[in-house]
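Read through the structure below, which is laid out as structure tokens, and then see the notes.
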Amino acid sequence: MTNRDGVTIAPTADVDERAEIGTGTRIWHLAQIRENASLGAGCNVGRGAYVGPGVTLGRNVKLQNHALVYEPARLADGVFIGPAAVLTNDEYPRAVTPDGRLKSGDDWTAVGVTIGEGAAVGARAVCVAPVTVGRWALVAAGAVVTKDVPDFALVVGVPARRVGWVGRAGRPLTPKGDGIWICPETGAEYTESGVGLTER
Numbered sequence: 001m002t003n004r005d006g007v008t009i010a011p012t013a014d015v016d017e018r019a020e021i022g023t024g025t026r027i028w029h030l031a032q033i034r035e036n037a038s039l040g041a042g043c044n045v046g047r048g049a050y051v052g053p054g055v056t057l058g059r060n061v062k063l064q065n066h067a068l069v070y071e072p073a074r075l076a077d078g079v080f081i082g083p084a085a086v087l088t089n090d091e092y093p094r095a096v097t098p099d100g101r102l103k104s105g106d107d108w109t110a111v112g113v114t115i116g117e118g119a120a121v122g123a124r125a126v127c128v129a130p131v132t133v134g135r136w137a138l139v140a141a142g143a144v145v146t147k148d149v150p151d152f153a154l155v156v157g158v159p160a161r162r163v164g165w166v167g168r169a170g171r172p173l174t175p176k177g178d179g180i181w182i183c184p185e186t187g188a189e190y191t192e193s194g195v196g197l198t199e200r
């Protein structure tokens with residue numbers, strides 16, 4: 001591992017010199033960080049993870065081994081992307097044009113996935129662009145997200161659907177009554193309304 005300017009990079013990692021890497025970020029073996037990607041301070045990029053051109057990661061983002069984050073994804077501070085999870089960027093994927101010619105970068109428009117502050121995407125989950133995963137939401141392992149996920153929502157399945165709420169600690173919230181939910185770990189309370197869940 002080499003350490004330069006407060007950034008630790010494994011010798012087998014491929015980090016483009018045009019990428020911006022924040023202080024304290026660690027990039028592990030066989031990870032690839034493409035040109036013009038921007039990683040905030042304190043990030044951890046696992047073995048074999050991929051960060052596409054122009055992707056933006058906030059501070060303290062954790063990409064587990066073999067996570068694939070395709071451009072133009074935007075991840076806020078404190079986001080967790082589990083092992084082998086994928087954030088796609090092609091709404092209508094095809095290798096060739098209707099006339100059979102191999103598609104190039106000029107034949108499609110990349111669309112991104114947006115992940116809100118503190119949200120987590122479980123192992124082998126797929127977020128199909130363009131979707132937004134709200135703040136502090138939790139996407140279960142293996143889920144396929146095809147629609148926007150509200151703040152604090154717990155979503156599971158294929159396609160993903162909301163089955164509950166989670167708090168900042170990631171634990172499922174328990175109902176207290178009158179639209180009030182409580183975190184069993186921290187005691188924090190949340191209020192449910194027609195527009196979703198908010199912190200009290």
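In the UniProt record's numbering, the protein residues as written are 1 to 200. Idealized CB from N, CA, C, for every residue including glycine.
- Taking each of A37, G22 and G48 in turn and checking the Cα distance to A13, the smallest one comes out for G48.
- Counting along the chain, V96 sits inside no beta strand (DSSP E), nor does DSSP assign it H or E at all.
- When DSSP states are grouped into helix, strand and coil, D107 belongs to the helix group.
- DSSP places E192 within a strand segment (E or B) once states are collapsed to three.
- Per DSSP, V155 is one residue of the beta strand (DSSP E) stretching across A153 to V156.
- Here DSSP, grouped into helix, strand and coil, assigns E20 to strand.
- By DSSP's assignment, N44 forms a beta bridge with R26 and K62.
- Here the segment 67-76 makes contact with the segment 32-51; the two share three or more CB pairs at distances below 8 Å.
- A straight line joining the alpha-carbon of T109 with that of E17 spans about 25 Å.
- Using a Cβ-Cβ distance cut-off of 8 Å, the segment 90-105 and the segment 115-127 are not in contact, since fewer than three pairs of beta carbons, one from each stretch, lie closer than that value.
- Judged by DSSP in its simplified three-state form, C127 adopts strand.
- Of the residues W136, V158 and A31, the one whose Cα lies closest to the Cα of R168 is W136.
- Boundaries of the beta strand (DSSP E) around T174: T174 to G177.
- Annotated as proximal: A143 and V126, with beta-carbon spacing under 9 Å.
- For R200, there is no enclosing beta strand (DSSP E), since its DSSP letter is neither H nor E.
- With a cutoff of 9 Å on beta-carbon distance, I182 and E189 are scored as near each other.
- By the neighbour-count criterion, in which a residue is buried when 16 or more other Cβ atoms sit within 10 angstroms of its Cβ, R200 is exposed.
- Annotation for R161: the continuous beta strand (DSSP E) segment containing it runs R161 to W165.
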